[in-house]
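S.K.:
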Amino acid sequence: MRKLFKNGTVVTADSMKPADILVEDEKISALGENLLCEDAEIIDAAGMLILPGGVDAHVHLDLPMSGTTSSDDHYTGTKAAAFGGTTTVIDFISQDDHDLFKNIDAWQAKAAKAAVDISAHANITYYDDKVAEQLKDLPKAGVTSIKVFTAYNGRLRLDDGNIFKAMRVAGNAGILTMVHAENGDVIEVLIAEALQAGKKSPIWHARTRPGWGEVEASLRSQALGIMADAPVYLVHMNVAGEVDQLAYTRERGLPCMGETCPQYLFFTEKELERPDGAKWICSPPMRTEADGARLFQGLENGTIQVLATDHCPFFFDGSQPILYEGQPVAIPGKELGKGDFTKIPNGLPGIGDRLPVFWTHAVDKVLISPSQFVALTATNPAKIFGLYPQKGTIAVGSDADLALWDPTLKVDYGVRVAQHRTDYNLYEGWQLKGFPRQVFLRGELIVKDGHWSGRRGGGKLLKRKSGEIL
Ligand code: URP
Ligand code: ZN
Ligand code: ZN
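Just so we're aligned: the sequence shown equals residues 744 to 1213 in the numbering used here.
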C-alpha cells in the first residue's frame, strides 16, 4: 500500500523545506517536490509541518517500585507516546536475574504488546565476572546501552570500582554507559536524619537529595568513563552544576553526552510543598528556576544532546479508578507514601507531553528552531542509541514514522487530553500551541485528531547497533 504525503513542509535536523513524501512497504521511498504516484493514497498535509516521529530515549513501562508498578505498561505507555507524536521509545530492562539474557527474554515478552516501536537499555545493578562475560555480548541481542546508578544504596547502586569495570567492558564492546548520577551515601545519611527528626513531607524528598551530590557524581561518572576509555551519557540532568560538568568534558573533546527532561525545565522543588506535592516526586527531584534556565540553555547551545521524559507514572490516588478504554482501572500509586516521602513511588507521567509542551515553550517562543527541536527529540537520540537513520529522520530508506504537526493548533491540555494511564497530568490547564494532528508508524495511521487507530502489539521490538558519539 503506497501513501503520498503532499503539500507539507518537511522538517529534519538539518533543514525545513516543502517536500512530498512517498511511502511504500513501511519505508520512505521518495522525497521531493511535486512527486506523483498514480495508485497511492494521497494525504494532504497542507499547512502542516511533517516531523519525524519522536524518539523518547528514557521511559519506564510496567516498572515495579515501592510495592506497586508504574501505571503505564508497554501498550498503554506507547499508545500515550503516539498521541504526543512519539513513535519510538527506549525502556529499561531490570537486572532481576543476574543472567542478562534471561532478563532480555522476560522484557521482550512484556514489550510485545507495544503499540509503537520499542527497544531497551539494560540496567546493570549487579556485577561480577559472569555478568562481564555476558555484557560484552549484549550487542548481539541488539542492546547497545546500559544504565548504572551511583545512588539507591543496597538496591541498584554499583560501587565506583564496578562501574569502572562495567564501563571498560562496555566501551570495548561498543556499548554506551548511561549514568544515574546522585551521591547515594549522602542521600542515605540525609534520609535517615530527616526521618529521625519526623520530617516526612514530600519537600524532604528534594532536601535529602542535594544538587551538589549530582554535580559531584556527574563529574565522577564522566571521569570514570574517561579512565575506562568509554563514552558516558548522563540521564535526567536537573541541576545547573551538572551542565557545567558536562560542558567541562565536552569542551575538552571527551565522549560525554547528556539528557534532560521537560519537568526539570518547567517546574521547581516548590511544587513539592503543594498539598498534592507527591505528584511531582521523581528522582532526581526538580530544582530551582535558575537550574531550569541553565538546562534550557544547555539544550539551546548543544551542551545537552537529548530531551527525553523519564516517563514513570503512578496514580496520585490509586484507590480511585479511572476509566481507561472504557474499563475502570485503579493501580496503587502515590497514596502509598502518605505521611512518609520515602514510601512515595518515584516518577511521573510525561511520554505524551514531551513534544507539545516543549514545542510550545521552545519553538513557538522562537527560542529553539524547528530543526533543533527535531534534533533534540528525535535525531540525536536515534543517533546516540544506534537507531539512525532507520529512526529519527525523514530520508529515503528511513521508516515512515511521521507526525503531521500543526504549529497553529491550540490545545487546552491536561489529563483528559493526555492519554497516560494515570489520574493526573503535570501540565493541567496549560494552553499549548503546536500539536500533532496525525501520526503514522511505519506508514500506518495510528492517531488522527485525538482518535486512536493503532494496535496493541503494532510496535516492533528494535535491535540497535552501536550508537554515535555526538
Ligand atoms: O523517579 C524516577 N525517575 N523514577 C524512575 C527511575 C530512574 O532512576 O530513572
Ligand atoms: Zn535514573
Ligand atoms: Zn529513569
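Just so you know, even glycine gets a beta-carbon here, dropped at the ideal spot from N, CA and C.
As the structure is a prediction and not an experimental result, all values here were calculated from the model.
Should Met744 go down as buried or exposed, given a rule of 16 or more other Cβ atoms within 10 Å for buried?
M.R.: Met744 is exposed by the Cβ-count criterion.
S.K.: Please name the residue, chosen from Gln1115, Tyr870 and Ser809, that lies closest to Phe892 on a Cα-to-Cα basis.
M.R.: The option with the nearest alpha carbon to Phe892 is Tyr870.
S.K.: Measure the C-alpha to C-alpha separation of Lys822 and Pro953 and round it to an integer number of angstroms.
M.R.: Each residue's alpha carbon lies about 35 Å from the other.
S.K.: May I have the straight-line CA-CA distance separating Leu1091 from Gly810, to the nearest angstrom?
M.R.: For Leu1091 and Gly810, the distance between alpha carbons rounds to 16 Å.
S.K.: Using only CA atoms, which one of Ile1024, Thr1046, Trp1148 and Pro1099 lies nearest to Pro1088?
M.R.: Comparing Cα positions, the closest option is Ile1024.
S.K.: Unbroken beta strand (DSSP E) runs of length 3 or more, entirely within the stretch 763-813: which are they?
M.R.: Counting whole runs of 3 or more residues, the stretch 763-813 contains the beta strand (DSSP E) stretches 763-767, 770-775, 784-787, 792-795 and 797-799.
S.K.: Locate the beta strand (DSSP E) running through Gln1174, then write down its first and last residues.
M.R.: From DSSP, the beta strand (DSSP E) with Gln1174 extends over Gln1174 to Leu1184.
S.K.: At a cut-off of 7 Å, is Asp1053 close to ligand 3 when judged by its beta-carbon and the heavy atoms of the ligand?
M.R.: Within the cutoff, so yes.
S.K.: Any heavy atom of ligand 2 inside 7 Å of the beta-carbon of Arg1194?
M.R.: A quick correction: the sequence has His, not Arg, at residue 1194. His1194 Cβ: outside cutoff for every heavy atom of ligand 2.
S.K.: Does the distance from the CB of Ile867 to the CB of Val874 come in under 8 Å?
M.R.: Yes, they are a contact pair.
S.K.: Shortest alpha-carbon distance to Asp1225 belongs to which of Val766, Ile771 and Ile793?
M.R.: Outside the modelled stretch of the chain, which goes from 744 to 1213, sits residue 1225, for which no answer is possible.
S.K.: Using 8 Å as the threshold, is the stretch 778-793 in touch with the stretch 820-836, meaning 3 or more CB pairs across them?
M.R.: These segments do not touch.
S.K.: Sorted by chain position, which residues of the same chain lie with C-beta nearer than 8 Å to Val1100's C-beta, five sequence neighbours on each side aside?
M.R.: Closer than 8 Å at Cβ, skipping near neighbours: Pro1005, Phe1009, Tyr1156, Tyr1170, Trp1173 and Leu1175.
S.K.: Evaluate Ser862 with the Cβ neighbour count: other Cβ atoms within 10 Å of its Cβ, from every protein chain shown; 16 or more gives buried, anything less gives exposed.
M.R.: The residue in question, Ser862, is buried, as its Cβ has 16 or more Cβ neighbours within 10 Å.
S.K.: Does the Cβ-Cβ distance between Val958 and Ile1047 come in under 8 Å?
M.R.: The answer is no: Cβ separation not under 8 Å.
S.K.: Since Glu957 is in the alpha helix (DSSP H), which residue starts that stretch and which ends it?
M.R.: Gly954 to Met970 is the extent of the alpha helix (DSSP H) around Glu957.
S.K.: Could you tell me whether the Cβ atoms of Thr1052 and Gly1093 are closer together than 8 Å?
M.R.: Yes, the pair counts as a contact, with Cβ atoms nearer than the cut-off.
S.K.: Buried or exposed for His1163, please, with buried defined as at least 16 other CB atoms from any protein chain shown within 10 angstroms of its CB.
M.R.: Label assigned to His1163: buried.
S.K.: Let me know the beta strand (DSSP E) ranges lying completely inside the stretch 1141-1174, each 3 residues or longer, listed in chain order.
M.R.: The qualifying runs are 1145-1155.
S.K.: So within the stretch 1012-1094, which uninterrupted beta strand (DSSP E) runs reach at least 3 residues, ignoring any that extend past its ends?
M.R.: The qualifying runs are 1065-1067 and 1070-1072.
S.K.: According to the neighbour-count rule (16 or more other Cβ atoms, all chains shown, within 10 Å of its Cβ), is Trp955 buried or exposed?
M.R.: That one is exposed.
S.K.: Checking 8 Å against the spacing of the C-beta atoms, do Thr1003 and Asn981 come in under that value?
M.R.: Cβ atoms of Thr1003 and Asn981: closer than 8 Å.
S.K.: Give the DSSP bridge partners of Gly1001, in chain order.
M.R.: Gly1001 pairs with Leu977.
S.K.: Only counting the same chain, and skipping five residues up and downstream in sequence, which positions put a Cβ closer than 8 Å to that of Ala1073?
M.R.: Only Phe1058, Gly1061, Ser1062, Gln1063, Pro1064 and Ile1065 meet the Cβ criterion.
S.K.: For the putative contact between Asp1142 and Glu876, defined by C-beta atoms under 8 Å, what is the C-beta separation to the nearest angstrom?
M.R.: With a Cβ gap of about 34 Å, Asp1142 and Glu876 do not count as contacting.
S.K.: Have a look at Gly1080 and Thr951 and give me their C-alpha separation to the nearest angstrom.
M.R.: For Gly1080 and Thr951, the distance between alpha carbons rounds to 16 Å.
S.K.: Is any heavy atom in ligand 2 found nearer than 7 Å to the beta carbon of His979?
M.R.: Flag set: Cβ of His979 near ligand 2.
S.K.: Assuming the contact rule is C-beta atoms closer than 8 Å, Asn915 and Lys879 should be a hit. Round their C-beta distance to whole Å, please.
M.R.: Yes, they are in contact, since the Cβ atoms of Asn915 and Lys879 sit about 7 Å apart, within 8 Å.
S.K.: Looking at C-alpha atoms only, which residue of Met1000, Trp947, Gly1001 and Gln965 is the closest neighbour of Arg1017?
M.R.: Closest by alpha carbon: Trp947.
S.K.: Do the stretch 830-839 and the stretch 798-810 touch if we need at least three Cβ pairs shorter than 8 Å?
M.R.: Segments in contact, yes.
S.K.: Who pairs with Asp834 in a beta bridge, going by DSSP?
M.R.: Partner(s): Ala863.
S.K.: Classify Lys1134: buried if its beta carbon has 16 or more other beta carbons within 10 angstroms, exposed otherwise.
M.R.: By the 10 Å Cβ count, Lys1134 comes out buried.
S.K.: According to the neighbour-count rule (16 or more other Cβ atoms, all chains shown, within 10 Å of its Cβ), is Thr1151 buried or exposed?
M.R.: Looking at its Cβ environment, which holds fewer than 16 other Cβ atoms inside 10 Å, Thr1151 is exposed.
S.K.: Out of Glu1014, Thr1103, Thr992 and Ile1111, which has the shortest C-alpha to C-alpha gap to Glu1043?
M.R.: Residue Ile1111 is the option with its Cα nearest to Glu1043.
S.K.: Let's see if you can read the secondary structure: which residues bound the beta strand (DSSP E) around Ile889?
M.R.: Segment Ser888 to Phe892, the beta strand (DSSP E) holding Ile889.
S.K.: For a cutoff of 8 Å on Cβ pairs, would you count Gly897 as touching chain D?
M.R.: As a matter of chain content, chain D is missing from the structure shown, which is built from one protein chain.
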